[in-house]
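S.K.: Per the UniProt record's numbering: the sequence shown = residues 1 to 307.
Here a beta-carbon is modelled for each residue, glycine too, at the ideal position from N, C-alpha and C.
Quantities reported herein were computed from a predicted structural model and do not represent experimental measurements.
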Amino acid sequence: MNRQEIDALVKKMNVDNATGEVNTRVQEIVVRLLGDLFEAIVDLNITQNELWKGLEYIADLGQANEVGLLVPGLGLEHFMDLLEDAKDAQAGVEQGGTPRTIEGPLYVAGAPESVGFARMDDGAEEGIMDTLIIEGVVSDVDGNVLPNAKVEIWHANGQGNYSFFDKTQSEFNLRRTIYTDENGRYRALTTMPVGYGCPPDGPTQKLLTLLGRHGQRPSHVHYFITADGFRKLTTQFNIEGDEYLWDDFAFATREGLIATVADKSSPEDLAEYNLDKPFKYINFDFKLTKDTSTSPDTQVERRRAQG
Ligand code: DHB
Ligand code: FE
Numbered sequence: 001m002n003r004q005e006i007d008a009l010v011k012k013m014n015v016d017n018a019t020g021e022v023n024t025r026v027q028e029i030v031v032r033l034l035g036d037l038f039e040a041i042v043d044l045n046i047t048q049n050e051l052w053k054g055l056e057y058i059a060d061l062g063q064a065n066e067v068g069l070l071v072p073g074l075g076l077e078h079f080m081d082l083l084e085d086a087k088d089a090q091a092g093v094e095q096g097g098t099p100r101t102i103e104g105p106l107y108v109a110g111a112p113e114s115v116g117f118a119r120m121d122d123g124a125e126e127g128i129m130d131t132l133i134i135e136g137v138v139s140d141v142d143g144n145v146l147p148n149a150k151v152e153i154w155h156a157n158g159q160g161n162y163s164f165f166d167k168t169q170s171e172f173n174l175r176r177t178i179y180t181d182e183n184g185r186y187r188a189l190t191t192m193p194v195g196y197g198c199p200p201d202g203p204t205q206k207l208l209t210l211l212g213r214h215g216q217r218p219s220h221v222h223y224f225i226t227a228d229g230f231r232k233l234t235t236q237f238n239i240e241g242d243e244y245l246w247d248d249f250a251f252a253t254r255e256g257l258i259a260t261v262a263d264k265s266s267p268e269d270l271a272e273y274n275l276d277k278p279f280k281y282i283n284f285d286f287k288l289t290k291d292t293s294t295s296p297d298t299q300v301e302r303r304r305a306q307g
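Here you go:
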């Protein structure tokens, strides 16, 4: 069967016999994807057994709640970022903004809010993981600081696990919303994250293994940054020195999104950050692009957990 015959068949079965109201966008997408699938079945000689294996895999993925894990793992989420970058360039969005990168599947809405500063960890890893200060400034691309910008931060613990999904952690551990102070600054006191690995027995890792791939991410910290008049930024920094920095199974590491860690232990530093022992320090600033009538929308609607 060639593509014309396939398209005719798909149309006959899913378009010509419509008797109710049609969502034309859904119809357009379904027709195209079915045509592509039928064509792949022909070209690759996909057997009935293989087809059902694949369909059962999709069912397993949903049952394990891992759809959002496989999507970054196969590079689809990063691909969408690249397309959005190209759309921005075409729309003439101002240059110099902090790069976007994938949200990933592990955001939880409803984290505690504060202004200027938050302690993010619940103390459970005190003496186990290094104390970490993360701070920075939110500004426009010209460097004008943005007070009252909403900085949502989330990251993994020393096991690479995220609260809410990892029920051994306290509610909202390592998740906070910090509004920048009058100087556009945010500061977080937290603990060093460790890189995340896909659940080893889950369907995502099962497919990655069949592709000869690992499911590891470098140590990283996620952000949503929102400010009036600016485009929402979804991004993260990945931490220099991690063996997976440029071997991230989710392809989230990008130039401009690499954080370097400094060691601080001087009496002045301890006093400045109100700490009594040496700590790790990351400075990470963000530059937001103006929201104009022609700039592509950066808000992504997707199902998210609510804590
Ligand atoms: C996945 C996990 C993450 O922590 C992340 O940032 C991106 C993707 C995942 O499991 O696919
Ligand atoms: Fe993550």
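(1) Below 6 Å, is the gap between the Cβ of glycine 215 and the nearest heavy atom of the ligand FE?
(2) Among the residues of its own chain, which have a CB less than 7 Å from the CB of arginine 254, if the five just before and after it don't count?
(3) Output the boundary residues of the beta strand (DSSP E) element that contains arginine 119.
(4) Looking at the structure shown, is valine 141 part of a helix, part of a strand, or coil, going by DSSP?
(5) Three or more C-beta pairs closer than 8 Å, one from the stretch 124-134 and one from the stretch 202-217: is that the case here?
(6) Does the Cβ of tyrosine 223 lie closer than 6 Å to at least one heavy atom of the ligand FE?
(7) Nearest-angstrom Cα distance between arginine 3 and lysine 11?
(8) Taking 7 Å as the threshold (C-beta atoms), are valine 137 and glycine 184 in contact?
(9) Kindly examine the ligand FE and report whether one of its heavy atoms sits closer than 6 Å to the Cβ of glycine 160.
(10) What are the start and end residues of the alpha helix (DSSP H) that includes isoleucine 128?
(11) If we require 4 or more residues per run, which alpha helix (DSSP H) segments fall completely within the stretch 202-269?
(12) Would you identify the three-state DSSP class for glutamine 48, choosing helix, strand or coil?
(13) Tyrosine 281 by DSSP, collapsed to three states: which one?
(14) I'd like to know whether the C-beta atoms of phenylalanine 237 and valine 221 end up nearer to each other than 7 Å.
(15) Indicate whether the contact test is met: 3 or more Cβ pairs, each with one atom in the stretch 222-234 and one in the stretch 243-251, closer than 8 Å.
M.R.: In this structure, then:
(1) No - the ligand FE has no heavy atom lying nearer than 6 Å to the Cβ of glycine 215.
(2) Non-local C-beta neighbours of arginine 254 in its own chain, meaning closer than 7 Å and more than five positions away in sequence, comprise Pro99 and Thr101, ordered along the chain.
(3) For arginine 119, the enclosing beta strand (DSSP E) begins and ends at 117-119.
(4) Here valine 141 sits in coil by DSSP.
(5) Verdict: no, contact absent.
(6) Outside the cutoff, so no.
(7) So the two alpha carbons sit approximately 12 Å from each other.
(8) Their beta carbons are under 7 Å apart, which means glycine 184 touches valine 137 by this criterion.
(9) Not under cutoff, so the answer is no.
(10) Isoleucine 128 -> no alpha helix (DSSP H), and no H or E assigned at all.
(11) Counting whole runs of 4 or more residues, the stretch 202-269 contains the alpha helix (DSSP H) stretches 203-210.
(12) In the three-state scheme derived from DSSP, where H, G and I count as helix and E and B as strand, glutamine 48 is classed as helix.
(13) The three-state secondary structure of tyrosine 281, taken from DSSP, is strand.
(14) Cβ atoms of phenylalanine 237 and valine 221: closer than 7 Å.
(15) These segments do not touch.
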